[in-house]
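For reference, the structure discussed in these notes is given below.
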DNA sequence: CTGTTAGCGCCTTCAG
DNA sequence: CTGAAGGCGCTAACAG
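Protein chains in written order, with my numbering: chain A, 25 to 358; chain B, 25 to 358.
In structure tokens, the structure reads:
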């Protein structure tokens, strides 16, 4: 408060330059026809007075904020951070700001965020790995002018999407297939909690069955997508089911927690127990043994989502979907 | 654009409720004396019409955005993300939004960001580990209404700070002392690039000298604060100076890069080479061997910075400084 | 307890 | 090529 000297306004500049506000405005936007002399002169005054337009005033009349919202469940997870980096970088170049909102894996919080962002009048929203059911999510995003979802499908009229081509749980099936082919027989699975998890597990078991891979409901657990939860859940699984010779984790953080748990229980990876993660965060390749996981070009997912959003913000409401591959990176943990 | 139906305005609500706009405004803010009947009635209309105030309009007159800016050099580094999480959480509870800006280790970008944030009229800014020299940084933040710096000192009238109590480079000295006490003789140091790095190194060498620890300018290098740079720089250092029996890295990411480099060169950690990082990111404890590093309560640094900023936003311009400890966590890499 | 008046800083529209 | 008038949605200040 103290240090902020009054900023010059359009009117100030106009007065100083001896022209009307409109002329100044036109110079700024480069619209309309203006004589070179006037333009030059106005530019100098703007420079001199360090004039910069007031965003709130502009927003009030244009209805545009040049700000977008980015909603993710956990900004502490490198997976989301790298996506965010892509988004931020892209929008920065386009002159947009990014409002960050972290739901902290809390669906109520995510709801509140989506409403808040509406008030803030963001020009658009990128929703990453939403933890909300369709019933909750769709009405909320329907109110936003432009929406892109990452890792989630959307009715075409509501927004564009960046997802895998396959249904949820498909990765786990791929992973199980690979594990089975490399000789594993009793495959555990730590699924990530979501409002639609059970569907996930059903399809997993069905697929395994059809591949003639042994299944056992007790081998499957569900946990929050963070390291600690992965550690805790894997500990229980390993303790309760020493027969397991492989574990598939919902993401790398959980897999890394599981890796620690395995070590604690004296299980050698990959000899006694194979381990597969997801997302390929930096840590996955640095840990010993290096983690087998799914490739994920997070930065590009971010810029792609951003591009799709900008297109919608620009008024082109064509539905677009961008698919990334589900490809296993085989490392030392399997 | 398509789906956004016209939002109700204050005037709409007032008309519908048969009262003046001021009355509605008062109900919303809970200010002024209003009869219970009127209040109740207006509340119902607001509910019914789903009225929510337009932030831009409010900002235009109050000069407040209820948004703060968070500037960090690399949101991909877990160190900053955890600080950010603290900041975000704190401000969310206070009804503020956080505008995220990532300078990507680029000083020019950081400058541009600080100016942009001014236009956006954020109520305050948290600047994390600024890569700008005082000459560049101070004028830029002087224009902001409220500022808090993390890992950086500020003239008292410009903003509050959250830092270590000690001069930059002190950690490296602590680390060197410990290494020397545990028998290491030839200690390398990978310093992080900053506009004021040389000062850093000078003091490091002076201190080592006074502690009678061997020094050698060729054992010291400087690099960007990321994994890859750490890997590259450590590779050169190890290749060029096989005599080194310890390396101190500016942060964990760099140390982890160095760890990988050491393995590549067949140096066993900690037997052949001791390694110390900084910041204690999750990865540091999960890697094998677990990394000796400096404790850092990042989340709390975030909430503390946020608290100090809110105080300033509230008009209390008292200078505050919060200090965190420089404490070594001894793990397996030393 | 409630309403009126006057902008905040900018852009859109319509005249010159 | 340039300007004047009006209003975006809200709140502060002052009347009643």
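From the three backbone atoms N, C-alpha and C, an ideal C-beta is built for every residue, glycine too. Everything numeric in this text was worked out from a predicted model, so none of it was measured.
Buried/exposed call for residue i, threshold 16 Cβ in 10 Å
{"i": "residue 242 of chain A", "result": "exposed"}
{"i": "residue 250 of chain A", "result": "buried"}
{"i": "residue 287 of chain A", "result": "exposed"}
{"i": "residue 215 of chain B", "result": "buried"}
{"i": "residue 217 of chain B", "result": "exposed"}
{"i": "residue 206 of chain B", "result": "exposed"}
{"i": "residue 327 of chain B", "result": "buried"}
{"i": "residue 354 of chain B", "result": "exposed"}
{"i": "residue 285 of chain A", "result": "buried"}
{"i": "residue 317 of chain A", "result": "buried"}
{"i": "residue 66 of chain A", "result": "buried"}
{"i": "residue 334 of chain A", "result": "buried"}
Continuous alpha helix (DSSP H) stretch holding residue i: start and end
{"i": "residue 345 of chain B", "result": "That residue, residue 345 of chain B, is in no alpha helix (DSSP H); its beta strand (DSSP E) goes 345-348."}
{"i": "residue 246 of chain B", "result": "Unbroken run through residue 246 of chain B is the beta strand (DSSP E), 244-247; no alpha helix (DSSP H)."}
{"i": "residue 270 of chain A", "result": "Unbroken run through residue 270 of chain A is the beta strand (DSSP E), 270-273; no alpha helix (DSSP H)."}
{"i": "residue 258 of chain A", "result": "251-264"}
{"i": "residue 341 of chain B", "result": "Looking at the DSSP string, residue 341 of chain B is not in any alpha helix (DSSP H), and its letter there is neither H nor E."}
{"i": "residue 358 of chain B", "result": "Residue 358 of chain B -> no alpha helix (DSSP H), and no H or E assigned at all."}
{"i": "residue 83 of chain A", "result": "79-86"}
{"i": "residue 308 of chain B", "result": "306-310"}
Residue i: first and last residue of the uninterrupted beta strand (DSSP E) it sits in
{"i": "residue 58 of chain B", "result": "Segment: none, residue 58 of chain B is in no beta strand (DSSP E) and carries neither H nor E."}
{"i": "residue 184 of chain B", "result": "184-188"}
{"i": "residue 93 of chain B", "result": "91-96"}
{"i": "residue 300 of chain B", "result": "298-300"}
Chain A within 8 Å of residue i, Cβ atoms only
{"i": "residue 81 of chain B", "result": "yes"}
{"i": "residue 131 of chain B", "result": "no"}
{"i": "residue 175 of chain B", "result": "no"}
{"i": "residue 161 of chain B", "result": "no"}
{"i": "residue 122 of chain B", "result": "yes"}
{"i": "residue 76 of chain B", "result": "yes"}
{"i": "residue 261 of chain B", "result": "no"}
{"i": "residue 134 of chain B", "result": "no"}
{"i": "residue 143 of chain B", "result": "yes"}
Residue i, DSSP secondary structure in three states
{"i": "residue 37 of chain B", "result": "helix"}
{"i": "residue 120 of chain B", "result": "coil"}
{"i": "residue 146 of chain B", "result": "coil"}
{"i": "residue 217 of chain B", "result": "coil"}
{"i": "residue 107 of chain A", "result": "helix"}
{"i": "residue 169 of chain B", "result": "coil"}
{"i": "residue 48 of chain A", "result": "helix"}
{"i": "residue 69 of chain A", "result": "helix"}
{"i": "residue 126 of chain B", "result": "strand"}
{"i": "residue 327 of chain A", "result": "helix"}
{"i": "residue 207 of chain A", "result": "coil"}
{"i": "residue 281 of chain B", "result": "helix"}
{"i": "residue 197 of chain A", "result": "helix"}
{"i": "residue 223 of chain B", "result": "helix"}
{"i": "residue 25 of chain B", "result": "Model confidence at residue 25 of chain B stands at a pLDDT of 37, short of 50, so the residue's coordinates are unreliable; what they give is reported in the following sentence. It is coil, neither helix nor strand."}
{"i": "residue 156 of chain A", "result": "coil"}
{"i": "residue 232 of chain A", "result": "helix"}
{"i": "residue 333 of chain B", "result": "helix"}
{"i": "residue 352 of chain B", "result": "strand"}
Chain B within 8 Å of residue i, Cβ atoms only
{"i": "residue 26 of chain A", "result": "Residue placement at residue 26 of chain A is poorly supported in this model, since its pLDDT is 35, which falls under 50; the coordinates are not used for a value here."}
{"i": "residue 311 of chain A", "result": "yes"}
{"i": "residue 150 of chain A", "result": "no"}
{"i": "residue 226 of chain A", "result": "no"}
{"i": "residue 118 of chain A", "result": "no"}
{"i": "residue 315 of chain A", "result": "no"}
Beta-carbon proximity of residue i to residue j, cut-off 8 Å
{"i": "residue 281 of chain A", "j": "residue 252 of chain A", "result": "yes"}
{"i": "residue 263 of chain A", "j": "residue 244 of chain A", "result": "no"}
{"i": "residue 131 of chain B", "j": "residue 155 of chain B", "result": "yes"}
{"i": "residue 94 of chain A", "j": "residue 150 of chain A", "result": "yes"}
{"i": "residue 347 of chain A", "j": "residue 176 of chain A", "result": "no"}
{"i": "residue 145 of chain B", "j": "residue 82 of chain A", "result": "no"}
{"i": "residue 96 of chain A", "j": "residue 126 of chain A", "result": "yes"}
{"i": "residue 147 of chain A", "j": "residue 92 of chain A", "result": "yes"}
{"i": "residue 7 of chain A", "j": "residue 298 of chain A", "result": "Residue 7 of chain A falls outside the range modelled here, since chain A spans only 25 to 358, and no answer is possible."}
{"i": "residue 103 of chain A", "j": "residue 271 of chain A", "result": "no"}
{"i": "residue 255 of chain B", "j": "residue 350 of chain B", "result": "no"}
{"i": "residue 268 of chain A", "j": "residue 261 of chain A", "result": "yes"}
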